[in-house]
Each structure stands twice: as C-alpha cells, then as structure tokens.
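There are 2 protein chains.
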Amino acid sequence: MNIILLSGGSGKRLWPLSNDVRSKQFIKIFPKGDRTYESMVQRVYRQIKEVDASAKVTIATSKTQVSAIHNQLGTNVGISIEPCRRDTFPAIALASLYLTDELHIDPGESVVVCPVDPYVEKDYFKALKELSDLADKGEANLTLMGIEPTYPSEKYGYIIPQSMDRVSKVTQFKEKPTVDVAKDYIDQGALWNGGVFAYKLEYMIGKAHELIDFTDYKDLFAKYDTLKKISFDYAVAEKENLIQVMRFDGKWKDLGTWNTLTEAMEENVVGKGILNDTCSDVHIVNELNVPILAMGLKDVVISASPEGILVSDKEQSSYIKPYVDGLEQEIMFAEKSWGSYEVINIEKESMTIKVTLNPGHSMNYHSHRNRNEVWVVIEGCGKTIIDGMEQNISAGDVITMAAGCKHTVIADSELKLIEIQLGSEITVDDKEKHVL
Amino acid sequence: MNIILLSGGSGKRLWPLSNDVRSKQFIKIFPKGDRTYESMVQRVYRQIKEVDASAKVTIATSKTQVSAIHNQLGTNVGISIEPCRRDTFPAIALASLYLTDELHIDPGESVVVCPVDPYVEKDYFKALKELSDLADKGEANLTLMGIEPTYPSEKYGYIIPQSMDRVSKVTQFKEKPTVDVAKDYIDQGALWNGGVFAYKLEYMIGKAHELIDFTDYKDLFAKYDTLKKISFDYAVAEKENLIQVMRFDGKWKDLGTWNTLTEAMEENVVGKGILNDTCSDVHIVNELNVPILAMGLKDVVISASPEGILVSDKEQSSYIKPYVDGLEQEIMFAEKSWGSYEVINIEKESMTIKVTLNPGHSMNYHSHRNRNEVWVVIEGCGKTIIDGMEQNISAGDVITMAAGCKHTVIADSELKLIEIQLGSEITVDDKEKHVL
Numbered sequence: 216m217n218i219i220l221l222s223g224g225s226g227k228r229l230w231p232l233s234n235d236v237r238s239k240q241f242i243k244i245f246p247k248g249d250r251t252y253e254s255m256v257q258r259v260y261r262q263i264k265e266v267d268a269s270a271k272v273t274i275a276t277s278k279t280q281v282s283a284i285h286n287q288l289g290t291n292v293g294i295s296i297e298p299c300r301r302d303t304f305p306a307i308a309l310a311s312l313y314l315t316d317e318l319h320i321d322p323g324e325s326v327v328v329c330p331v332d333p334y335v336e337k338d339y340f341k342a343l344k345e346l347s348d349l350a351d352k353g354e355a356n357l358t359l360m361g362i363e364p365t366y367p368s369e370k371y372g373y374i375i376p377q378s379m380d381r382v383s384k385v386t387q388f389k390e391k392p393t394v395d396v397a398k399d400y401i402d403q404g405a406l407w408n409g410g411v412f413a414y415k416l417e418y419m420i421g422k423a424h425e426l427i428d429f430t431d432y433k434d435l436f437a438k439y440d441t442l443k444k445i446s447f448d449y450a451v452a453e454k455e456n457l458i459q460v461m462r463f464d465g466k467w468k469d470l471g472t473w474n475t476l477t478e479a480m481e482e483n484v485v486g487k488g489i490l491n492d493t494c495s496d497v498h499i500v501n502e503l504n505v506p507i508l509a510m511g512l513k514d515v516v517i518s519a520s521p522e523g524i525l526v527s528d529k530e531q532s533s534y535i536k537p538y539v540d541g542l543e544q545e546i547m548f549a550e551k552s553w554g555s556y557e558v559i560n561i562e563k564e565s566m567t568i569k570v571t572l573n574p575g576h577s578m579n580y581h582s583h584r585n586r587n588e589v590w591v592v593i594e595g596c597g598k599t600i601i602d603g604m605e606q607n608i609s610a611g612d613v614i615t616m617a618a619g620c621k622h623t624v625i626a627d628s629e630l631k632l633i634e635i636q637l638g639s640e641i642t643v644d645d646k647e648k649h650v651l
Numbered sequence: 216m217n218i219i220l221l222s223g224g225s226g227k228r229l230w231p232l233s234n235d236v237r238s239k240q241f242i243k244i245f246p247k248g249d250r251t252y253e254s255m256v257q258r259v260y261r262q263i264k265e266v267d268a269s270a271k272v273t274i275a276t277s278k279t280q281v282s283a284i285h286n287q288l289g290t291n292v293g294i295s296i297e298p299c300r301r302d303t304f305p306a307i308a309l310a311s312l313y314l315t316d317e318l319h320i321d322p323g324e325s326v327v328v329c330p331v332d333p334y335v336e337k338d339y340f341k342a343l344k345e346l347s348d349l350a351d352k353g354e355a356n357l358t359l360m361g362i363e364p365t366y367p368s369e370k371y372g373y374i375i376p377q378s379m380d381r382v383s384k385v386t387q388f389k390e391k392p393t394v395d396v397a398k399d400y401i402d403q404g405a406l407w408n409g410g411v412f413a414y415k416l417e418y419m420i421g422k423a424h425e426l427i428d429f430t431d432y433k434d435l436f437a438k439y440d441t442l443k444k445i446s447f448d449y450a451v452a453e454k455e456n457l458i459q460v461m462r463f464d465g466k467w468k469d470l471g472t473w474n475t476l477t478e479a480m481e482e483n484v485v486g487k488g489i490l491n492d493t494c495s496d497v498h499i500v501n502e503l504n505v506p507i508l509a510m511g512l513k514d515v516v517i518s519a520s521p522e523g524i525l526v527s528d529k530e531q532s533s534y535i536k537p538y539v540d541g542l543e544q545e546i547m548f549a550e551k552s553w554g555s556y557e558v559i560n561i562e563k564e565s566m567t568i569k570v571t572l573n574p575g576h577s578m579n580y581h582s583h584r585n586r587n588e589v590w591v592v593i594e595g596c597g598k599t600i601i602d603g604m605e606q607n608i609s610a611g612d613v614i615t616m617a618a619g620c621k622h623t624v625i626a627d628s629e630l631k632l633i634e635i636q637l638g639s640e641i642t643v644d645d646k647e648k649h650v651l
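Those protein sequences? They're chains A and B, same order as listed. Numbering-wise (our numbering), the first sequence opens with residue 216 and increments by one. Numbering-wise (our numbering), the second sequence opens with residue 216 and increments by one.
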C-alpha cells in the first residue's frame with residue numbers, strides 16, 4: 216500500500232507542548248511501556264507498519280517539520296516537502312507527483328491519503344488497505360472513507376451516501392451543520408468526512424494538469440508559491456461523479472484540542488506530577504523536570520513545557536488559540552534532525568542552551584556574526600571542527616568560539632552540551648552555513 | 216523602641232515558593248510600584264522604620280536564614296542566631312540576652328516581641344510602640360497585644376481580659392477552641408493571641424535564669440542545643456500574674472497558607488501570567504521566566520518556581536504539607552548572603568547553575584573533592600582567586616577548576632555566572648572552606 220500522510224502546521228491549540236516549530240503530532244504523549252512515550256506520528260507510523268510491513272509511507276509537510284520527522288521516524292520515510300502552505304489540493308498534487316517522479320512508483324498504482332494525527336486502532340489501517348484495494352479495482356475515481364458518527368457533531372463535514380451498503384456511491388457533501396441538521400443527516404445514513412481517500416496516482420496527476428499549468432514534479436515544486444490556496448474537497452471531491460464511500464465504524468478520534476487529547480490519554484499523569492485524592496478528571500502533561508502538585512481540581516488539564524504552563528478547564532481549553540497568539544515568546548525548545556535543544560536561561564546579553572545530539576549526528580558547519588559562544592560538554596563524546604581544525608571532545612571539555620569562527624560538533628555517542636551564547640544581538644537568524 | 220522579630224522555620228505550606236532553605240517571609244510578593252515586589256520581612260521592616268525611624272530591630276532566627284536576611288534587609292539589622300530550634304521561650308531568652316550582652320542595651324529598657332510575618336498596616340506598629348510605652352511604665356511584667364476577633368476562629372488561642380477597657384488585666388489564656396466555644400469567648404470580650412508582647416529586658420533575663428542554668432549570652436548560646444523545647448506562653452505568660460493586655464482592632468492577617476496569602480494580594484497576577492475572562496478568584500504567583508495561561512478556573516491558586524508548580528483549589532491548599540513532604544527534590548533555588556543561585560539543568564553526571572553575586576560580595580574560598588567546575592561569566596565584572604592566583608574577569612571569560620582546586624569569585628558590579636559542575640558524585644555537602 217502507498218500512503219500519503221498529510222502533516223499539518225503549527226498547532227497552537229495544544230500549547231505549551233506545541234509551538235511554531237513543534238506541531239502536536241510530534242508530542243510524545245502515548246505510553247508504550249517502560250515509562251517511554253510515542254508521539255501521534257510515531258504511533259500512526261508504527262500502526263501502519265504493523266498492518267502492512269511493506270507499506271510505502273510518504274509524509275506531505277512543510278520544511279520546518281523535516282527535522283522532527285527524521286528525528287522521530289528515521290530516514291526511511293518519504294517526505295514531500297511543501298515549499299510553503301497552499302492548502303490540501305496543491306499538497307496532494309505535489310505529493311502524488313513526488314511518488315511517481317521521485318520515488319518512481321507506477322502511475323497505475325493506488326495511494327491512500329490520510330491525516331497524520333487520527334487517534335485510531337489497527338482496524339483503521341486495515342480499512343485503509345481495503346480503500347486502496349477498492350481504488351485498484353477502478354470502479355470509481357475516488358474512494359472515500361466515511362466514519363460512522365457517534366453523535367451529531369457540528370465540527371465535521373458530512374458525506375451523504377446513496378445507500379446504507381458498506382460501499383456506496385456518494386450523492387453529496389455537506390458542510391459542518393448545526394446539531395439538528397446533523398441529526399437529520401445521520402438519520403439518512405450520513406458519515407463524517409475524516410479527510411481520508413484513495414485514488415490511482417494517474418487520476419490525481421491528471422487533475423493536477425487540468426487545474427495547474429506545470430510540466431513535472433520539479434516544475435510544480437519550483438512554482439509552488441505561485442499556486443492559489445484551494446482545498447482538495449472543493450477542487451476535486453465535490454466535483455467528481457465517479458466517487459464512492461466505504462463505511463468505517465471502528466474507533467476514531469480527532470485529537471485537536473486538550474479536551475479530546477486528554478480523553479485519549481491512558482494515564483492521568485505524563486511526566487512528574489501528583490494529583491491529590493480530591494482531584495477528579497484532572498490530567499497533567501509535564502515536560503519540565505520539576506513536579507506539578509494538583510489539589511482539589513475537577514475537569515482540568517495542566518501542561519508544562521519550557522514554553523510555558525497551561526492550567527485550563529477542559530471545555531475552555533478549546534478557546535486557547537487567541538491567548539497563545541498574544542504571547543510573545545522565544546522558541547524555548549525544538550527538535551532538530553540531529554537532536555534537540557532547550558533554552559535554559561536568558562539574560563540581557565546572553566542565552567544558555569542545553570544541546571543534545573543523537574549518536575552519529577552533527578550540526579551544520581556554521582558561524583555567527585554577532586555572538587561568541589562557549590560549549591561545555593556535559594555527557595558523551597565526539598569531535599568538534601573549529602575553523603577547519605578537528606578535536607576530540609568528551610565530558611568536561613570546554614570550547615570557546617569567537618564571532619565569525621566556523622564550527623560544528625559531531626556526536627559519537629549521545630552528546631550533551633551546555634552552549635552559552637554571548638553578545639548584545641542574539642537572534643536565531645544570525646547564522647551562516649558553510650561547506651565543510 | 217526595641218523590637219525582636221521571631222522568624223520561623225521552613226514554610227512548606229507555601230510550596231513551591233518556600234522550601235527547606237527559603238521560608239515564606241522571604242518571598243517577594245507584595246507590590247511596591249515599578250513592577251518590583253517586597254517580601255513579608257521587607258514589608259514589616261519598612262513599616263517599623265516608617266513608624267519609628269530609630270527602632271532597633273533584632274531578628275531571632277536560625278542560621279539558615281541569615282543569608283536571606285542580609286540579602287533582603289542589609290547588614291544594619293541585628294540577628295540573634297538560634298543554633299538549633301528550641302521553640303519560643305529559649306529563642307526569646309536568647310534574643311533578650313543578645314540585646315543586653317551583645318548590643319549593650321540597658322536591661323531597664325523595654326522590648327516588643329512580634330512574629331516576622333503579620334500582614335498589617337502602620338497602626339499595628341503604632342500599637343507596638345504603645346505596648347513598649349506600657350511596659351516602660353512597669354505596671355505589669357508582661358503587656359500583651361490582643362487582636363479583636365473578626366470571626367469565631369478555631370485557629371487561634373484566646374486571651375480573656377478582666378474588663379472591656381482598652382488596657383486590662385488578663386484573667387486567663389484559652390487554647391484553640393471549637394467555633395461554638397469561640398463564640399462564647401468573644402461574647403465575653405476575648406481577644407486573639409497573636410504572639411505579640413512587651414516586657415523589660417531585666418524581667419525576661421530573670422525568667423531565663425530562673426528556668427535555665429547559664430551565666431551569660433555566650434554561655435546560653437553554647438548550651439542552646441541542650442535546652443528543652445518549650446513555648447513562651449507555657450513557660451512564662453500563663454504563669455505570670457502581673458500581666459495585662461491592650462486591645463488592637465486594626466487590620467491583622469496571618470498569611471500562613473495560600474488561601475490567606477492570596478486574600479492579601481493586591482494583584483491577581485505576580486510574574487508572567489494571563490487569566491482569561493472566564494476565570495474568577497484565581498491568583499498566579501509565577502517566579503519562572505515563562506508565562507502561565509489560566510482558563511475557566513474558579514478559586515484556584517497557581518504558583519510556579521524552580522522547585523515545582525502548584526495548582527490548587529484555595530480551600531484545599533491548606534492541606535498541602537504532607538504532599539510536599541513526599542516530594543524528593545533537590546533545592547533548586549536559594550538566596551545567599553552574597554546573592555542567589557538557581558539550578559537550571561540536572562543530568563546524571565552534571566549540574567548547571569546560574570549564580571548571581573551582588574556588587575561587592577564574594578563566595579567563601581572553597582574547594583570540592585569530587586567534582587570539576589567550569590564558570591562562564593555572562594554579565595558584570597569582578598575577579599576570581601584560583602589556588603591563590605588573582606585574575607580579573609568579565610562577560611565571556613571562562614574559568615575551569617579541577618576537583619581539589621580552591622576558588623572564589625568577587626563581584627565588582629552585579630556578576631552573573633553559569634556554573635557547570637561535572638562529576639559522578641555531585642552533592643551540596645562536597646564543599647571544603649579555606650582561609651584566603
């Protein structure tokens with residue numbers, strides 16, 4: 216099975232765990248035993264591979280997520296990079312061409328498109344495989360998955376099928392309705408539109424050429440920023456006549472807010488936290504190294520990260536976005552392809568950062584115009600290259616780098632550094648990359 | 216006026232702001248304009264000086280608080296150090312002898328004893344002055360302040376006066392009663408016992424010699440750990456016949472729990488914090504550098520410090536102690552006589568600390584047996600002495616110290632360092648002091 220996972224943008228609604236450089240799908244929150252946790256994207260990827268070990272997975276996403284994807288899934292996963300955000304139709308067109316032109320998959324093969332962040336079980340991925348098989352048969356151009364509604368939700372679009380058969384033609388799409396209208400739809404056998412569908416690659420590439428003027432993958436990639444934003448439903452699905460839907464009645468949750476996310480959590484406390492016995496329905500997700508003590512609370516979510524602390528009534532938590540937009544905040548934590556960093560102290564003319572490099576990884580060879588840096592190795596070993604000079608390093612070593620000096624570090628084992636940046640104009644933009 | 220302020224022990228009930236080395240009276244929480252805040256002890260000291268600029272203030276406390284007192288009040292304040300905790304009678308006896316033997320105050324003078332942490336206004340300190348004047352008159356051996364009850368509290372002891380006169384003889388002391396009994400007392404004109412009283416020094420020194428076998432201040436200090444724990448009320452007040460009480464009906468609050476502390480706060484948010492419009496009666500006290508966002512909460516206190524995060528229903532917050540006792544936690548923040556430190560990162564074999572030295576101050580000259588250290592100066596200037604060698608330092612300088620190496624740093628201006636400790640056995644006890 217070929218599968219394209221659409222990986223969306225920065226999820227402020229799960230602040231403080233998500234931020235401009237870390238989206239919700241990368242938060243490690245689902246227990247996998249031994250007090251270790253996996254993220255949504257890791258969970259989904261693992262589930263796909265468990266159902267179909269030979270599945271070819273491609274993630275369609277923006278450049279900012281590439282580091283986190285490699286960090287969490289390794290380098291075997293395909294990534295179709297969107298040079299900028301242009302909504303789902305351009306993203307799906309580009310990813311489809313990436314499959315044929317870059318991965319050389321036969322245009323006659325089918326592909327399933329699916330969001331990267333549903334909270335589901337294995338039966339969902341078995342259903343995706345069925346969807347792919349249905350697309351192979353070619354009885355329709357598009358084969359959607361329709362999710363059996365569990366309540367008359369106002370949050371989802373609805374698909375109206377021609378019959379109650381497991382697989383049926385689609386008669387209509389409906390926008391997010393009111394509760395009463397949703398009840399009506401459900402009585403008619405309507406299904407939630409979870410943004411999941413299968414098609415033959417040649418079909419989508421044909422649609423792309425119909426709607427966009429381009430030659431091949433590279434050309435589409437190059438002119439991507441000139442494309443207009445348009446959703447796949449609007450551009451393709453709603454206009455297609457040869458379209459069918461397959462009913463899915465397994466477990467499906469959309470973990471977009473703290474409220475729904477905590478519903479999916481198997482443990483009330485992730486990280487250091489204590490709930491006293493007068494707490495009920497309280498969840499703690501704590502990424503800090505200090506404990507959270509919660510007393511006498513009900514229906515509250517508490518989350519702490521290097522970015523900040525949220526304490527919210529669960530219902531209220533869905534209204535978080537404008538407040539987070541209002542926060543002016545340095546990025547305090549980020550996952551990179553080579554590891555991660557965390558800001559641990561900020562002063563007027565200095566910033567102190569903990570840097571963790573994964574074994575075998577290295578930073579870019581780079582320099583800064585306006586700041587000096589000091590590295591103190593606190594764990595592991597590796598080597599530095601400073602203005603071309605190689606040097607082995609291990610815990611206790613100190614490396615000083617004046618502004619302008621080119622530097623990188625290569626980890627042999629997991630390597631941790633305290634990096635102290637010194638200068639009056641410290642910004643993330645003050646970085647020049649060099650060829651080693 | 217001579218005044219002895221009794222400064223109690225570690226206040227776990229205001230965790231995470233108080234800890235084993237910082238008591239509640241040192242938390243800077245009361246606004247004094249310009250976004251700066253003062254602690255309880257600073258507030259009380261300022262109020263005393265505003266009422267009586269020539270007041271001689273002595274703080275009776277344990278050794279662990281000396282640094283914080285000097286840091287917050289400077290060095291003009293007298294400190295009677297209790298070598299260990301032995302309850303109020305030994306503490307008051309020792310402090311009284313400190314006044315006569317060390318500060319050479321005439322034993323015929325009066326002194327007022329008062330806890331260091333009442334939340335009061337200037338009229339309270341004017342009343343203390345009256346108390347002192349009453350003691351001067353010598354009509355009674357002990358002159359108490361009785362606080363007019365505002366409700367039938369179960370939390371306080373009661374003083375039963377002979378009459379409703381402003382100053383009256385005391386007929387009886389009563390232990391913490393039930394609400395019904397308290398109502399009875401109040402109907403009889405009873406007053407709360409706030410632990411405030413005045414006496415002539417010679418009276419208390421006489422009592423001390425009566426009850427303890429010692430010669431002078433130095434001798435009492437030396438044998439302090441052999442004294443038995445006994446409260447002043449039990450040892451002296453309840454047995455004294457020549458005892459009077461002065462009614463006080465001004466503002467008086469005992470800020471022992473988060474519940475009462477937040478009642479006294481003029482602002483709902485101290486530090487970085489946002490309350491959305493569905494919050495009511497929510498207080499945030501945030502000592503961290505990242506924001507706290509509170510949504511949809513009612514009657515909740517949120518407090519964050521380098522020690523941890525508390526989120527509690529206000530009523531529930533008075534039951535905090537056992538939970539805090541259960542936390543195994545490094546001391547993450549402390550005020551010292553020379554400035555302060557904050558732990559900013561802990562790994563298996565390293566600890567990173569931000570050290571701030573006040574201008575003109577220095578650490579002890581010391582060494583460590585089992586750890587190497589690296590200092591990176593991030594702000595200010597001064598000098599280091601490393602194994603006897605002096606060196607000027609300023610922002611950007613790096614100093615490495617192997618285990619065993621003797622070192623100190625002296626601040627010319629406010630000086631900030633990042634200190635990285637490296638070793639497999641890092642403990643606060645691994646410290647040897649040396650003479651410079």
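Virtual Cβ for every residue (Gly too), placed ideally from N, Cα, C.
Interface with chain A (7 Å Cβ-Cβ cutoff): Y556 of chain B is excluded. Contacts with chain B (Cβ-Cβ distance below 7 Å) from the stretch 606 to 639 of chain A involve A610, G611, V613, T615, K631, I633, I635, L637, listed in chain order. Contacts with chain A (Cβ-Cβ distance below 7 Å) from the stretch 478 to 501 of chain B involve I489, N491, T493, listed in chain order. With the criterion set as a beta carbon lying under 8 Å from some beta carbon of chain B, the members of the stretch 584 to 602 of chain A are N587, V589, V591, I593, E594, in sequence order.
By the rule that beta-carbons nearer than 7 Å mark a contact, A549 of chain A does not touch chain B. When secondary structure is reduced to three states using DSSP, G541 of chain A falls in the helix class. Within the stretch 332 to 378 of chain B, the runs of beta strand (DSSP E) that reach at least 3 residues and sit entirely inside it are, in chain order, 333 to 335, 357 to 362, 373 to 376.
In this structure the stretch 358 to 371 of chain A touches the stretch 340 to 347 of chain A; the number of beta carbon pairs closer than 8 Å is three or more. Where P305 of chain A is concerned, the enclosing alpha helix (DSSP H) starts and stops at 303 to 312. Taking all protein chains in view, the Cβ of Q377 of chain A is surrounded by fewer than 16 other Cβ atoms within 10 Å, so the residue is classified as exposed. T290 of chain A is not bridged by DSSP to any residue.
If you check each beta-carbon in the stretch 329 to 349 of chain A against every beta-carbon of chain B, none falls closer than 9 Å. For the pair V591 of chain A and I284 of chain B, the CB atoms are not nearer than the 7 Å cut-off. The beta carbon of S565 of chain B falls within 7 Å of a beta carbon belonging to chain A, placing the residue at that interface. For I614 of chain B, the enclosing beta strand (DSSP E) begins and ends at 613 to 616. The beta carbon of E564 of chain B sits closer than 8 Å to the beta carbons of L637, G638, S639, I641 from its chain, once the five residues preceding and following it are set aside; these are given in chain order. For the 7 Å CB-CB criterion, S222 of chain A and I274 of chain A form a contact. The DSSP-derived three-state label of I546 of chain B is coil. Membership of W553 of chain A in any alpha helix (DSSP H) is not indicated, and neither H nor E is assigned to it by DSSP. L221 of chain A has A:A275, A:P330 as its beta-bridge partners, per DSSP. By the 16-neighbour rule on beta-carbons within 10 angstroms, Y366 of chain B is exposed. At a C-beta separation below 8 Å, I274 of chain B has no neighbours in chain A, since its nearest C-beta there lies roughly 30 Å away.
In the pairwise beta carbon analysis, the stretch 415 to 435 of chain A is classified as touching the stretch 308 to 323 of chain A: at least three pairs are separated by under 8 Å. As far as DSSP is concerned, E522 of chain A takes part in no beta bridge.
Collapsing the DSSP output to three states places G421 of chain A in a helix. Close to G523 of chain B, with beta-carbon spacing below 7 Å, are these residues of chain A in chain order: V505, P506, I507, L508. L542 of chain A places its beta carbon 7 Å or farther from that of L630 of chain A. Counting of Cβ neighbours within 10 angstroms places M379 of chain B among the exposed residues, the total staying below 16.
With a threshold of 16 other beta carbon atoms within 10 Å, A509 of chain B meets it and is buried. In chain A, no part has a C-beta under 9 Å from the C-beta of G471 of chain B; the shortest such distance is about 16 Å. Annotated three-state conformation of R462 of chain B is strand, per DSSP. Annotation: the continuous beta strand (DSSP E) that includes K389 of chain B extends over 382 to 389. Using a 10 angstroms sphere on the CB of S532 of chain B, the tally of other CB atoms reaches 16 or more, which defines it as buried. The beta carbon of K341 of chain B lies closer than 8 Å to those of V266 in the same chain, with the five residues before and after it left out. The DSSP-derived three-state label of K239 of chain A is helix. By the CB criterion at 7 Å, R301 of chain B and K454 of chain B fall outside the cutoff.
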